[in-house]
Amino acid sequence: MVLQKLEQQRDFDSIVKSNQSFLLFKHSLTCPISREAFREFHQFTSSYPKFSAYYLTVQENRPLSNYIADFFSIKHESPQIFYVQDGKVKWHMSHWNIRREEIEKAIQNSGVPLIK
């Protein structure tokens with residue numbers, strides 16, 4: 083699966099209902115920490131292209147970002163990543179803690195196989 087940009091609340095709702103597991107990355111276009119975290123996220127998605135992964139740019143869609151924070155009852159941060167399985171956040175991380183190795187570990191710990 084190609085990394086997909088998330089832009090609509092209805093798309094988010096549909097993804098939550100239809101995907102067993104996926105990653106969602108929220109980032110800022112102006113923050114250097116966010117830029118580095120996005121690079122780590124992109125490294126993961128490039129290595130595991132079959133894994134469902136989405137991102138949203140906070141400056142372009144603050145209402146959706148806020149909706150996601152409320153939906154999961156997790157305070158908004160940027161950058162921020164969520165690993166969602168069966169409609170629930172199994173793992174989330176923010177800022178410098180977003181690293182490819184940590185993403186892999188979180189998914190593997192959930193019992194979902196990572197297929198390249």
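Residues in the sequence shown are numbered from 83 upward in steps of one, following this note's numbering. The beta carbon of each residue, even a glycine, is placed where N, CA and C say it ideally should be.
Which partner residues of S103 appear in the DSSP bridge assignment?
Q167
Does L146 come out as helix, strand or coil in the three-state DSSP assignment?
helix
For S103, collect the residues of the same chain with a Cβ closer than 6 Å to its Cβ; drop the 5 residues on either side in sequence, then sort them by chain order.
Answer for S103: Q167, V194, listed in chain order.
Residues bridged to K108 by DSSP?
L138, Q162
Establish whether the CB of K172 and some CB of chain D are separated by less than 8 Å.
Checking the listed chains, one finds no chain D in this structure; it contains a single protein chain.
If you drop the 5 nearest sequence neighbours on each side, which residues of the same chain put their C-beta closer than 6 Å to that of F123?
F107
Could you give the first and the last residue of the continuous alpha helix (DSSP H) run that contains P58?
The structure shown does not extend to residue 58, since the chain is modelled only from 83 to 198, so the question has no answer here.
Could you tell me the alpha carbon to alpha carbon distance between N143 and K132, rounded to whole angstroms?
26 Å
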